[in-house]
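These notes concern the structure reproduced below.
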Amino acid sequence: SLLSLIVGVIFTTFITLNISASIEELKRATEFIGAGKFDHVPKINARDEVGDLAESFKRMSQRLKTLEEVNLDASPLTRLPGNLAIEKELLSRIVSGEKFAFCYLDLDNFKPFSDTYGYAKGSEVIKETADIIKAVAGELGDKKDFVGHIGGDDYVMITEPKKVSLLCNEIISRFDKSIIKFYNKDDLERGYIVSVNREDIKQNFPIMTISIAVVTNEKRHLSSALQVAEIAAELKHYAKSIPKSIYVVDQRRISLS
708 SLLSLIVGVI FTTFITLNIS ASIEELKRAT EFIGAGKFDH VPKINARDEV
758 GDLAESFKRM SQRLKTLEEV NLDASPLTRL PGNLAIEKEL LSRIVSGEKF
808 AFCYLDLDNF KPFSDTYGYA KGSEVIKETA DIIKAVAGEL GDKKDFVGHI
858 GGDDYVMITE PKKVSLLCNE IISRFDKSII KFYNKDDLER GYIVSVNRED
908 IKQNFPIMTI SIAVVTNEKR HLSSALQVAE IAAELKHYAK SIPKSIYVVD
958 QRRISLS
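My numbering puts the sequence shown at residues 708 to 964.
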């Protein structure tokens, strides 16, 4: 009948306009994403394929925003995640309650080396060390293992407690073998370089080594990133007092009553 035809035309027109509006909104969302504005959420309430597409756009925007933050935070030299990503990863492990080992890696005698051999050589050492840590974690660690670059000659690796010995020993072994190529023959034969300390006094500085401070929640409850950082700093101070590449693990127990 004529009435049915009119109703059909009106309904079809309504659906077409609704789809067109949704597509236009998705187009706008794409433009926002292209401009790096990832907070825009498509305003589409449809419960169909278009609605599903809008939801996918939303998830994609959130993921792109996270990736942008990680990229901006990453070290331009090592391309490892920086402090924001490190803190986020550590907090995630703490909140989840899973057992983890936070490894703080620091080079010994790096500053006098950089002062003597120059900024470019120092940068090569920083990148080489990052590559060693990444390679070891990738080859011997778990898929969830995390490697980050705090800055300078400081790095972080988060792994499982049971993997600590294997990973740290391998990092130390590869580092000690690799670091000698950055020194000239005379310095290697002497076993040290002559540079000035922080008081501007000449001093002999041994060939670089690596110190690793390991904090785990196996025997104690860890409640914040700050707590982990404070324990790691304390352990690192002790590790650096030992004149060789070494890793030390916090073994203290704290009972929760």
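Just so it is clear, CB atoms sit at the ideal spot from N, CA and C, and this is done for glycine as well.
From a predicted model like this one, the values you see are computed outputs, not experimental measurements.
query, result
"Buried or exposed by the 16-neighbour rule on C-beta atoms within 10 Å, applied to residue 797", "buried"
"Three-state secondary structure (DSSP) of residue 917", "strand"
"Start and end residues, beta strand (DSSP E) containing residue 808", "808-815"
"Neighbour-count burial assignment, residue 938, 16 or more Cβ in a 10 Å radius", "buried"
"Classification of residue 788 by the beta-carbon crowding that lies within 10 angstroms, buried from 16 upward", "buried"
"Pairwise C-alpha distance: residue 860 and residue 936", "16 Å"
"Backbone CA spacing between residue 785 and residue 813 [nearest angstrom]", "15 Å"
"Nonlocal neighbours in the same chain, by C-beta distance under 7 Å from residue 951, ignoring five residues either side", "916"
"Alpha helix (DSSP H) segments (min. 4 residues) lying fully within the region 843-887", "871-886"
"Bridge partner(s) assigned by DSSP for residue 911", "901"
"The region 868-886 in contact with the region 943-957 per 3-pair CB rule at 8 Å", "yes"
"Beta carbon of residue 871 nearer than 8 Å to that of residue 920", "no"
"Contact set for residue 895: own chain, Cβ-Cβ below 8 Å, skip 5 residues either direction", "887 and 914"
"Simplified DSSP state of residue 785, which is helix, strand or coil", "coil"
"Proximity winner among 879, 893 and 800, relative to residue 852 (alpha-carbon distances)", "800"
"Paired residues, beta bridge with residue 923 - DSSP", "808"
"Close Cβ partners of residue 794 (< 7 Å) along its chain, the five nearest in sequence each way excluded", "932"
"CA-to-CA distance, residue 903 to residue 867, given in whole angstroms", "40 Å"
"For residue 955: DSSP bridge partner residues", "920"
"Beta-carbon proximity check, residue 874 vs residue 848, cutoff 8 Å", "yes"
"Exposure of residue 841, with buried meaning 16 or more beta-carbon neighbours within 10 Å", "buried"
"8 Å contact criterion, which residue 889 and residue 828 should meet: CB distance rounded", "6 Å"
"Euclidean distance between Cα positions of residue 905 and residue 825", "17 Å"
"Boundaries (first-last residue) of the alpha helix (DSSP H) holding residue 949", "That residue, residue 949, is in no alpha helix (DSSP H); it is neither H nor E in DSSP."
"Per-residue DSSP class, three states only, for residue 803", "helix"
"Beta-carbon proximity of residue 878 to residue 833, cut-off 8 Å", "no"
"Same chain only: Cβ atoms within 8 Å of residue 910, ignoring 5 sequence neighbours per side", "819, 901, 902, 903 and 904"
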